[in-house]
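Protein chains: 2
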Amino acid sequence: MALLMQEDTRFGLDRKIRLLGPVRLDSGAEFVPVDIAYETYGALNADKSNAILICHALTGDQYVASTHPMTGKDGWWTRMVGPGKPIDPARHCIISINVMGSCMGSSGPASIDPTTGAAYAMGFPVITIPDMVRAQALLLDHLGIETLEAVVGGSMGGMQALSWAALYPERVKSAVVIASTARHSAQNIAFHEVGRQAIMADPRWNNGAYYGHEAPSSGLAVARMAAHITYLSEAGLTEKFGRRLQNRDAKSFGFDADFQVESYLRYQGLSFVDRFDANSYLYITRAMDYFDLAEPHDGVLAKAFARTKTRFCLISFDSDWLYPTAESRRIVHALNAAGAAVSFVELSSPFGHDAFLLEAPEMNRIVDGFLRAGEQS
Amino acid sequence: MALLMQEDTRFGLDRKIRLLGPVRLDSGAEFVPVDIAYETYGALNADKSNAILICHALTGDQYVASTHPMTGKDGWWTRMVGPGKPIDPARHCIISINVMGSCMGSSGPASIDPTTGAAYAMGFPVITIPDMVRAQALLLDHLGIETLEAVVGGSMGGMQALSWAALYPERVKSAVVIASTARHSAQNIAFHEVGRQAIMADPRWNNGAYYGHEAPSSGLAVARMAAHITYLSEAGLTEKFGRRLQNRDAKSFGFDADFQVESYLRYQGLSFVDRFDANSYLYITRAMDYFDLAEPHDGVLAKAFARTKTRFCLISFDSDWLYPTAESRRIVHALNAAGAAVSFVELSSPFGHDAFLLEAPEMNRIVDGFLRAGEQS
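Top line first, the protein sequences correspond to chains D and S. By UniProt numbering, the letter at position 301 of the first sequence is numbered 301, and the numbering carries on one by one without gaps. By UniProt numbering, the letter at position 316 of the second sequence is numbered 316, and the numbering carries on one by one without gaps.
Below, the structure is given as structure tokens:
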């Protein structure tokens, strides 16, 4: 992927740009230069008022509605983004940015540090969700987009949407926050720590300096497996797999994947390592664990939105135990206290946290209605 | 620890015996010889009617009320077992047996296979919860105990108690089943599979043949960490740790254990590997995953208790999401359908699955009342 600096290639697919930055990081450091990989769908209108930023989740990427170059799979949110969908390139200029710290083209631990000519590895700075948002704002500056019609995200994407509204209240007209939270709980941190320890326990991790050698795939696969359980509900797992065996009713009395759920989890782990960098997994989970929007405001979440002009739409799913409805409700209470316009719905789904990525007609109707109302105002 | 065959040493502490067996295993194999390590507290009365068997959980052992020889810690259930407690050596002959497959003296993968002179390792047969119970029955035969006043267990101990009542209805007068289930759910299996994969991903695991070499401690620690999260409730973790940092309010912006919950989990992982064998963890989790009391009865749990004469006491905890109350209720319904005498209480606790190991005066009152009523009948 070439570094594209030409103005006429700012919009379209497979964009990557190097911005001089700097991004001022929450750690106090400054980061330069900043590579940003992104996709756009649809054209920016004359008054530049139709831009919608889609923020991706932990292991997501910029390929929200276009084919993933490594897996060959469709974009990860074609149910929400595309012709005739709530977020529609015929109406919107849709921008999707690979987050800083990730591994699909934006600056991350696998990127080459221009000062050394080698991968940053663990020399990459520890970043936060607001840091990711600051890097995204640099790209919007470059694209000449001052105000977003909306910023939309599920899970970690929702954390970015909330951070956008908190950091740049004048730049965000609407925010859609799905299956998300304003802070990582002790249990959230605990699960991520298991994943990190699994990666770091893999001798091939080698303190992060594995580029050019075998990657710590075993550890990363275990991390993915543990995380994947948190994306599904207990009832959903029971419905999908129950205690069904791979090989009809013959238990192997061994340690192969006897149960379908074991085989499914192993597949999730193994297929993940082909498309994701273990160090990125460390950095992004760290950013999520550090996330607590209220923390810089004496623990009072409403203060994070004191200057807000954004209208908000929050959606949670009743079977999501990773970021349960109570976390969305806490955000709604804070937004109410801050005097923000906010609508909130808890949807029913058997699919747990992953519900936001699946077919959910109600979710689509809500997002569609919310965005159209914003366009008319 | 010597093999004790003398009749006069059958009762007391630090007992270990080799029985000729065989144990007929659910896999179809026969296992001989069977080493059984156990502890007893209190004396068997003249008519041998006061024996209570305590069954331990996944990582438990026979040291229910005596000092653990490796950790130097008190027994794991001194809140329930001991002078003045519901299970009292002044009144009961208390027997606690290390389960087959474990690593505290009973036959397990770390034991020496007498036919080869080397550790069984993965040559140890895959066993089930009923297999563990069959081995325990051999010991009771040896001790001359035909009928148990009660069999008592929490978590996997409860699975054994249920299996005792199902396999040997005439030998079990009362059964106390706490925080347990009659089958492992898809989510239960999934978490265990993560743990097994973490162990097997550790190169030092070496297909189980690590005895005499370095053990796969990193993998086992990760397995323990993942499992430990399931033992605690989300609310309990929040109450105990929240987002509190190790180092007051200074985030390290690195990958050390910044949050107290990370440090706690790491400690749980590291301290576990000193006292537990990784292969035993594989075998016992497999036994738990295979556990489904209804399976041999066309999926009808009540049929497992068709011949029951046992009276049952079931206790669940409202914050236990590993074996939630619904699983206890399912057992109660089956016991009702089988015409068994059963009492059931859901207790309130913030501590999740681990609640049964902690101070729980209500639980103690219930067990005490249930056992005393049984003694008077």
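Built from N, CA and C at the ideal position, the CB exists for glycine as well. Keep in mind it's a predicted model, so treat the numbers as computed, not measured.
Residues are counted here when their Cβ sits less than 7 Å from a Cβ of chain S; for the region 247-259 of chain D these are K251, F253, G254, F255 and F259, given in chain order. When the Cα atoms are used, I95/D and I17/D turn out to be separated by approximately 14 Å.
In the structure shown, F317/D adopts extended strand secondary structure according to DSSP, grouped into three states.
At least one CB of chain D lies nearer than 8 Å to the CB of T238/S. Under the Cβ criterion of 8 Å, F241/D is counted among the residues facing chain S.
The way I'd put it, the region 250-258 of chain S doesn't touch the region 333-347 of chain S; fewer than three beta-carbon pairs between them come closer than 8 Å. For K16/D, the enclosing beta strand (DSSP E) begins and ends at R15 to L19.
For I189/D, the chain S residues whose Cβ falls inside 7 Å of its Cβ are F259, V261 and E262, in order along the chain. Contact annotation: V172/S and T310/S have beta-carbon atoms nearer than 8 Å. Of the residues assessed, A182/D falls on the buried side of the cut-off, its CB having 16 or more other CB atoms within 10 angstroms. Annotation note: the region 300-358 of chain D contains the following uninterrupted alpha helix (DSSP H) runs of length 4 or greater, listed N- to C-terminal: 301-304 and 325-337.
For V32/D and H56/D, the gap between their C-alpha atoms comes out near 23 Å. Taking a contact as a CB-CB distance under 8 Å, the pair A110/S and S280/S counts as one, their CB atoms being some 7 Å apart. When I331/D, V273/D and L358/D are compared, the shortest CA-CA separation from T59/D is found for V273/D. In the structure shown, L245/D falls within a strand segment according to DSSP collapsed to helix, strand and coil. Flagged as an interface residue toward chain S: Q197/D, by a C-beta distance shorter than 8 Å. Within its own chain, the residues whose Cβ lies closer than 6 Å to the Cβ of L322/S, once the five positions on either side in sequence are excluded, are T230 and H353, listed in chain order. Not a single CB atom of chain D sits nearer than 8 Å to the CB of G352/S. The beta carbon of M104/D is closer than 8 Å to those of A37, D61, Q62, Y63 and N98 in its chain, skipping five residues each way along the sequence. Between A360/S and the set W77/S, D47/S and D26/S, the nearest pair of CA atoms involves W77/S. Where A37/S is concerned, the enclosing beta strand (DSSP E) starts and stops at V34 to Y41.
Residue pairing of C93/D in beta bridges, as defined by DSSP: A51/D. Taking all protein chains in view, the Cβ of P83/S is surrounded by fewer than 16 other Cβ atoms within 10 Å, so the residue is classified as exposed. As DSSP reads the structure, L58/S sits in no beta bridge.
Of the residues E262/D, A338/D, L358/D and T128/D, the one whose Cα lies closest to the Cα of R24/D is T128/D.
DSSP places S174/S inside the beta strand (DSSP E), whose first and last residues are V172 to I178. Counting only residues of its own chain and dropping the five nearest sequence neighbours on each side, Q268/D has a CB closer than 8 Å to the CB of R224, M225 and H228. C-alpha of F312/S to C-alpha of G299/S: approximately 21 Å in a straight line. When beta bridges are read from the DSSP output, G82/D appears opposite no residue.
Separation of the CB atoms of R10/S and L140/S is rounded to 11 Å, and the pair is thereby denied contact status at 8 Å. Nearest Cα to Y290/S within the set D292/D, L314/D, L232/D and A257/D: A257/D. Just so you know, the alpha carbons of P114/S and L167/S end up roughly 29 Å apart. For A150/S, the enclosing beta strand (DSSP E) begins and ends at L148 to G154.
As far as DSSP is concerned, A250/S takes part in no beta bridge.
Secondary structure within the region 251-284 of chain S: the alpha helix (DSSP H) runs of 4 or more consecutive residues, fully enclosed, are 260-273 (chain order). Of D368/D, S66/D and G108/D, the smallest CA-CA separation from Y283/D is found for G108/D.
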